[in-house]
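Novice: Protein chains in written order, with this note's numbering: chain A, 4 to 116; chain B, 20 to 133. Backbone N, C-alpha and C define an ideal beta-carbon position, used for all residues, glycine too. Got a structure for you, questions after.
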């Protein structure tokens with residue numbers, strides 16, 4: 004029972020490099036999300052996809068792009084990494100109803116030097 | 020926009036003592052609220068959710084939360100802390116615009132001493 008799977012678990016990038024964080028869920032959820040977690044800041048929404056074929060900006064979208072590849076997969080791309088993007092990134096999914104909770108992956112710890 | 024405020028970035032209790040973690044919401048309409056727990060190096064796990072069916076909500080691991088509209092609060096409690104409760108706890112509220120996104124508080128780290 005995998006739930007939400009994120010890859011990789013850890014990554015170190017140099018400033019200016021690019022990379023894609025992968026996320027897949029097997030719960031048949033319509034909505035998927037990318038959050039970043041920084042000390043003292045809680046979780047902040049980067050982008051989300053309410054349903055397959057749609058994506059929307061969240062609170063902190065600058066420097067990121069996303070692709071909803073299909074119903075299962077939602078990737079986050081950093082085109083030119085910056086030290087300010089050092090963070091822990093969480094993917095989550097849910098059904099889009101009023102009382103539906105988020106189901107989280109275990110996170111990707113990214114360091115940009 | 021909906022938001023939640025968690026009072027206290029760190030709370031320390033002794034094992035066996037009452038746990039009280041505070042969360043206040045700002046909303047002009049009845050909100051839908053959640054509490055999550057995060058253990059070190061893990062993702063967030065749902066503890067409980069409020070959906071207006073009952074003001075006292077019971078969750079996993081002996082935690083419960085009471086929705087108080089007059090105080091705009093949804094505080095998390097547990098009668099007797101256990102060492103395994105040491106973790107970070109997040110309160111979250113769902114947006115009332117299409118119910119499409121959740122906004123999180125900044126979190127409260129619970130420290131439990133023997």
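Do the CB positions of residue 79/B and residue 65/B come within less than 9 Å of each other?
Specialist: yes
Novice: Looking at chain B, is there any beta carbon in it that lies within less than 9 Å of the beta carbon of residue 99/A?
Specialist: With 9 Å as the cut-off, residue 99/A counts as an interface residue toward chain B.
Novice: Using a C-beta to C-beta distance shorter than 7 Å, which residues of chain B count as neighbours of residue 104/A?
Specialist: 53, 65, 68
Novice: Quick one: complete alpha helix (DSSP H) runs, 4+ long, within the stretch 44-75 of chain A?
Specialist: none
Novice: Measure the alpha-carbon distance for residue 115/A versus residue 13/A and round it to whole angstroms.
Specialist: 11 Å
Novice: Using only the heavy atoms of the ligand MG, determine whether one of them is closer than 8 Å to the beta carbon of residue 131/B.
Specialist: For the structure depicted, the ligand MG is absent and the ligand set is empty, with no information on it obtainable.
Novice: Is residue 86/B close to chain A, meaning its C-beta is less than 9 Å from at least one C-beta of that chain?
Specialist: no
Novice: For residue 66/A, I'd like the list of residues in its chain whose CB is within less than 7 Å of its CB, leaving aside the five on either flank, ordered along the chain.
Specialist: Contacts found: 81, 85, 88.
Novice: Could you check if residue 61/B is buried or exposed, using at least 16 other CB atoms within 10 Å of its CB as the buried criterion?
Specialist: exposed
Novice: Within the chosen definition, does the stretch 101-110 of chain A reach the stretch 60-80 of chain A through at least 3 CB pairs nearer than 8 Å?
Specialist: Cβ pair count under 8 Å is below three, so no.
Novice: How long is the line joining the alpha carbons of residue 97/A and residue 34/A, rounded to whole angstroms?
Specialist: Taking the straight line from one Cα to the other gives about 5 Å.
Novice: Give me the Cα-Cα distance between residue 75/A and residue 7/A, rounded to the nearest whole angstrom.
Specialist: If you take the alpha carbons of residue 75/A and residue 7/A, they lie about 9 Å apart.
Novice: When you check each C-beta in the stretch 53-87 of chain A against every C-beta of chain B, which residues fall closer than 9 Å?
Specialist: 53, 59, 61, 62
Novice: Using a Cβ-Cβ distance cut-off of 9 Å, determine whether residue 7/A contacts chain B.
Specialist: yes
Novice: Indicate whether residue 52/A and residue 71/A have their beta-carbon atoms separated by less than 9 Å.
Specialist: Residue 71/A is positioned such that its CB atom lies closer than 9 Å to that of residue 52/A.
Novice: Going by Cα to Cα distance, which pick from 87/B, 81/B, 59/B is closest to residue 15/B?
Specialist: Residue 15/B lies beyond the range of chain B shown here (20 to 133); nothing can be said about it.
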